[in-house]
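Numbering (this note's numbering), first residue to last: -9 to 336.
Single-structure report; data block below.
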Amino acid sequence: FTFTSSVLDVGKSNDQEDTLEIVLLTEAIDQISLSNPVLLVSPDYDDSRFTIKNNASDCLSINSDLCAQIWEITVNVDCPFSFDGDFAFQFTANCEGANPQCLNYTATYGSVVSLSAGLTFDDYLCSDNLFEISYNSSMVIYEDDTFTSPVAANAIALIDDRIYVEVSVSNFNVDSNGYAVLDSKLLNVWLCTSDSGLALDQNDLVNSGCFSSNIDPDGPYRIIINSEPAIEGTRNINDTLNNVVRFSFVIPSTITRDTLFIQTQVSMEFTEDRRRRRLLQSGSGGATQMIYKSGSIQVVDKPTSTEVIVENIVTDNKEEEKESDNGHVYMFFTATSVILTMVIFM
């Protein structure tokens, strides 16, 4: 991609009643930064209710290729409300320094950039504490696409291995009342690495996880964008469970750290338990929240053709073990079947 835009979060304003704050993420390659945003179309086609708060946004992190920026949009709402459509924006493209790819882009296509971002978000419950929900969530890695056998706790993944991930959410609570999940949708997935460890804080998204300034300069890797696979080998896997999303991806060959951080964004539609049956029949009447869940996996580079560290290895061939000077046991063989998986840290 050259440019992308996605809605990161929707929350209630602390300053004004009946006002929502929408967080928009834009990303551009070739060190192109964006400025002067103009809202052309809103999800409910009433543009007068929406205001872009900042006209300029610094890159969260700018590496050799990517500039990610955050924009804040406010909208006045009266509950109940429903948004189901696309934003359309116009930006001005700017070149950071004298990057030749950026200069070539603006010379070829001009400096006007048009982007869109979908938003499906509603509230028919009208609870004052809707944005103070509590819930349980988990991220589990499985051995294959049947999603029946979680990987062993001490397993390790190889670069270029395919990883199967499931995120589940349960026990929604608002005002201490139980809520049921009606539907879930995987929106975005990022991968990143760091030399100091990473933690995701949903109350501070733009400074944590894969948006942290501590990530390595080659990231973040955006593998699912607005529910669509963004790189080769990534799959957004359909399932029939209301509270579960699943996806798989191939570990990028450019990963150089031994721990890979996975960050997901999921849209959840939920309602009060006692209303669930009626709403499932009618297809409307709940509320929407965006949640984030993260985890990490331990990875190692592929072994050479003549040497593999002995760990979770199964072989039918004749082998010879040899202990190296550093105490590691190595196996030398000509052909073998290697089974290596990974570990997830919750």
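Glycine residues also receive a C-beta, built at the ideal position from the N, C-alpha and C atoms.
Being a predicted model, the structure only gives us computed values, none of them experimental.
Under the three-state DSSP convention, the category Ala220 falls into: Position 230 of the sequence shown holds residue 220. Looking at Ala220 - three-state DSSP - the assignment turns out to be coil, as it is neither helix nor strand.
Secondary structure of Ser38, DSSP reduced to three states: Against the sequence shown, residue 38 aligns to sequence position 48. Correct three-state label for Ser38: helix.
Val141 (DSSP reduced to helix, strand or coil): Within the sequence shown, the letter at position 151 stands for residue 141. Note: Val141 maps to coil in three-state DSSP.
Residues bridged to Ile205 [DSSP beta-bridge criterion]: The count along the sequence shown starts at 1 and reaches residue 205 at position 215. In the DSSP output, where bridge partners are listed per residue, Ile205 has Ser184.
Beta-carbon spacing of Asp48, Leu195 below 8 angstroms: Mapped onto the sequence shown, residue 48 falls at position 58. Mapped onto the sequence shown, residue 195 falls at position 205. Taking a C-beta distance under 8 angstroms as the contact criterion, Asp48 and Leu195 do not qualify as a contact pair.
Proximity to Ile42 [Cα-Cα], best of Thr64, Leu56, Ala58: One-based indexing of the sequence shown puts residue 42 at position 52. When each option's Cα is compared against that of Ile42, the closest is Thr64.
Presumed contact (8 angstroms Cβ cut-off) between Val157 and Ser238, rounded CB distance: Start at 1 with the first residue of the sequence shown, and residue 157 comes out as number 167. Start at 1 with the first residue of the sequence shown, and residue 238 comes out as number 248. Not quite, the Cβ-Cβ distance comes to about 12 angstroms (not below 8 angstroms), so this is no contact.
Where Val28 falls, given that 16 or more other Cβ within 10 Å makes a residue buried: In the sequence shown, residue 28 corresponds to position 38, counting from 1. Exposed, by the Cβ-count rule.
Residue burial classification, Pro210 (beta-carbon count within 10 angstroms, cutoff 16): Here residue 210 refers to the residue found at position 220 of the sequence shown. Classification of Pro210: buried, given that the 10 Å Cβ count is 16 or more.
Identity of the residue in Cys200, Ile215, Pro90 nearest Asp208 by Cα: Counting from one through the sequence shown, the residue named residue 208 turns up at place 218. Taking only the C-alpha atoms, the option nearest Asp208 is Cys200.
Sequence ranges, beta strand (DSSP E) only - wholly within the stretch 67 to 118, length at least 3: The stretch 67 to 118 is shown to contain whole beta strand (DSSP E) runs of 3 or more residues at 71 to 85, 102 to 113, in chain order.
Rounded Cβ spacing between Glu86 and Cys57 (contact assumed at less than 8 angstroms): Walking along the sequence shown from the start, residue 86 turns up at place 96. Walking along the sequence shown from the start, residue 57 turns up at place 67. About 7 angstroms; that satisfies the 8 angstroms criterion.
Span separating the alpha-carbon of Ile149 from that of Thr16: If you number the sequence shown from 1, residue 149 lands on position 159. If you number the sequence shown from 1, residue 16 lands on position 26. Answer to the nearest angstrom: the Cα atoms are 29 angstroms apart.
Other residues of its chain near Ser3: CB distance less than 8 angstroms, five sequence neighbours each side excluded: Taking the sequence shown and counting its residues from 1, the one referred to as residue 3 is at position 13. Answer for Ser3: Thr9, Leu10, Glu11, Thr64, listed in chain order.
For Cys57, three-class secondary structure by DSSP: What you label residue 57 is simply residue 67 of the sequence shown in a count that begins at 1. Reduced to three states, the DSSP call for Cys57 is strand.
Assumed close pair Leu24, Phe77 - CB separation to whole angstroms, cut-off 8 angstroms: Working through the sequence shown from its first residue, we reach residue 24 at position 34. Working through the sequence shown from its first residue, we reach residue 77 at position 87. With a Cβ gap of about 14 angstroms, Leu24 and Phe77 do not count as contacting.
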